[in-house]
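Presented below is the structure to which this report refers.
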Amino acid sequence: MVQDQVLRFNLNADVLAKRVFWGCLGFELFIVLLDIFVNHYEWSPISSIRRMVNISREDSLSNWFSSYQTITVGLILWTTAAAVRSQARDVGGPKKEFYCWAILATFFVYMGIDDAIRFHERIGTAFGRVLSYMEKSFGAGILNHIHEAFPSYNWQMVFGPFFLAMGVFLLWFIWQQFSASKLRYLLLAAVSLYAVAVGLDFVEGLDTSPYEGIADYFSTTEDRVGHMSKALEEFLEMFGTTIFLTVFLKNALRLAREWTLAVSHAEPSPTRV
0 MVQDQVLRFN
10 LNADVLAKRV
20 FWGCLGFELF
30 IVLLDIFVNH
40 YEWSPISSIR
50 RMVNISREDS
60 LSNWFSSYQT
70 ITVGLILWTT
80 AAAVRSQARD
90 VGGPKKEFYC
100 WAILATFFVY
110 MGIDDAIRFH
120 ERIGTAFGRV
130 LSYMEKSFGA
140 GILNHIHEAF
150 PSYNWQMVFG
160 PFFLAMGVFL
170 LWFIWQQFSA
180 SKLRYLLLAA
190 VSLYAVAVGL
200 DFVEGLDTSP
210 YEGIADYFST
220 TEDRVGHMSK
230 ALEEFLEMFG
240 TTIFLTVFLK
250 NALRLAREWT
260 LAVSHAEPSP
270 TRV
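Residues in the sequence shown are numbered consecutively from 0, following the numbering used here.
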């Protein structure tokens with residue numbers, strides 16, 4: 000290979016964003032179809048294959064894709080934050096926007112890691128056990144009463160206020176950044192998909208039998224309805240992340256007329272005798 004040759008890759012921003020969007024959406028639909036037919040309807044007689052495509056498992060294809068997709072959003076946001084900081088340094092502007100982008104970038108990286116290790120679910124379970132221990136040792140307090148009254152999963156009571164605050168912050172900041180762009184409506188759609196996914200998870204965790212009426216109406220089992228609800232929840236979450244990825248990628252690419260990545264080889268220093 001001739002090392003003196005300069006390699007140049009030309010990417011059209013709009014074409015790249017469209018290909019990322021349709022590529023991610025197509026793969027997400029493929030994941031859902033694998034779960035429904037290969038796993039749920041048992042097209043494969045091999046249990047290990049069914050577990051691999053089971054959309055509700057932590058070690059499944061869907062969880063791997065969802066985690067890396069969300070971390071990728073965070074990395075794009077960190078790239079945006081770095082670009083904004085560089086531009087602010089050149090013109091002597093304030094760094095407030097950099098810190099806002101950095102907060103969002105950190106949040107999405109955390110979300111990807113959380114999705115990979117089910118951090119919020121496990122902390123919610125640990126929170127419930129700690130409350131049970133405190134009740135046995137010191138008696139029921141206000142947190143115990145709130146915990147007993149909360150009808151769904153523990154993690155929603157623990158992390159719900161934090162996720163809600165981050166959602167409000169995201170909408171507030173991005174709505175200002177995209178004030179003259181249609182991208183903010185796509186952003187609103189992504190947040191709405193996340194909200195619906197959390198709502199489905201809330202219904203899944205109810206103490207009552209939330210799927211009984213639906214199962215009776217369609218003459219099927221509650222387990223089947225519950226699994227389809229879980230598949231829909233995971234798809235909406237992945238689709239929302241795809242919209243975030245597309246929106247933030249388009250925004251990052253339009254920060255400058257042209258992006259250049261230069262990788263150079265250091266010249267060997269002359270040898271002194």
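Backbone N, C-alpha and C define an ideal beta-carbon position, used for all residues, glycine too.
In the structure shown, Tyr152 adopts coil according to DSSP, grouped into three states.
DSSP places Arg49 in the uninterrupted alpha helix (DSSP H) bounded by 46-52. Per DSSP, Ala82 is one residue of the alpha helix (DSSP H) stretching across 60-90. In this structure, the beta-carbon distance from Ser65 to Thr240 falls below 8 Å. Under the three-state reduction of DSSP, Asp114 is assigned to helix. Restricting attention to Glu96, Gly73, Glu57, the CA atom closest to the CA of Val83 is found in Glu96. Counting the other CB atoms within 10 Å of its CB gives Asp200 a total of 16 or more, which places it among the buried residues.
The residue among Thr71, Val72, Leu33 with its C-alpha nearest the C-alpha of Ser55 is Leu33. Contact between Thr245 and Ala16 is confirmed by a C-beta separation of about 5 Å, below the 8 Å threshold. Per the coordinates, the alpha-carbon of Cys23 lies some 50 Å from the alpha-carbon of Ser136. Going by DSSP, Ser178 is part of no alpha helix (DSSP H) at all; its letter is neither H nor E. Looking at the backbone, the Cα of Tyr184 and that of Thr259 are separated by about 30 Å. Its chain contains Leu235 as the residues whose beta carbon lies nearer than 6 Å to that of Val195, once the 5 sequence neighbours on both sides are disregarded; these appear in chain order. Look at the beta carbons and you see the stretch 169-184 not touching the stretch 212-230: under three pairs across the two are nearer than 8 Å. Counting only the Cα atoms, Phe149 lies some 17 Å from Arg121. Your pair Phe243 and Thr79 does not check out as a contact, with CB atoms roughly 12 Å apart and the cut at 8 Å. Between the alpha carbons of Phe29 and Ala188 lies a distance of about 22 Å. Annotation for Gly140: Met133, Glu134 place their beta carbon closer than 8 Å to its own, counting only its chain and skipping 5 residues before and after. Excluding five sequence positions before and after Met237, the CB atoms of its chain that fall closer than 8 Å to its own CB belong to Cys23, Glu27, Ile30, Ser61, Phe64, Ser65, Gln68, given in chain order. Of the residues Glu41, Glu147, Phe158, Lys249, the one whose Cα lies closest to the Cα of Lys181 is Lys249. Rounded to whole angstroms, the Cβ separation of Ala230 and Ile35 is 7 Å, and the two are in contact under 8 Å.
For the 8 Å CB-CB criterion, Ser43 and Val37 form a contact. Within 10 angstroms of the beta-carbon of Tyr152 lie 16 or more other beta-carbons, which makes it buried. Taking the Cα of Gly159 as reference, the smallest distance to any Cα among Gly127, Ala125, Val197, Thr124 is reached at Val197.
Cβ contact annotation for Trp154 (same chain, cutoff 7 Å, sequence separation greater than five): His119, Glu120, Ile122, Gly123, in chain order.
The closest CA to that of Ala81, considering only Tyr98, Met110, Arg50, is found on Tyr98. Judged by beta-carbon spacing, Met165 lies within the 8 Å limit of Phe106, meaning their Cβ atoms are closer than that value. Cβ atoms of Arg50 and Glu41 stay farther apart than 8 Å, at about 12 Å. The shortest C-alpha to C-alpha distance from Leu254 to any of Asp114, Ala87, Glu233, Glu232 is the one to Ala87.
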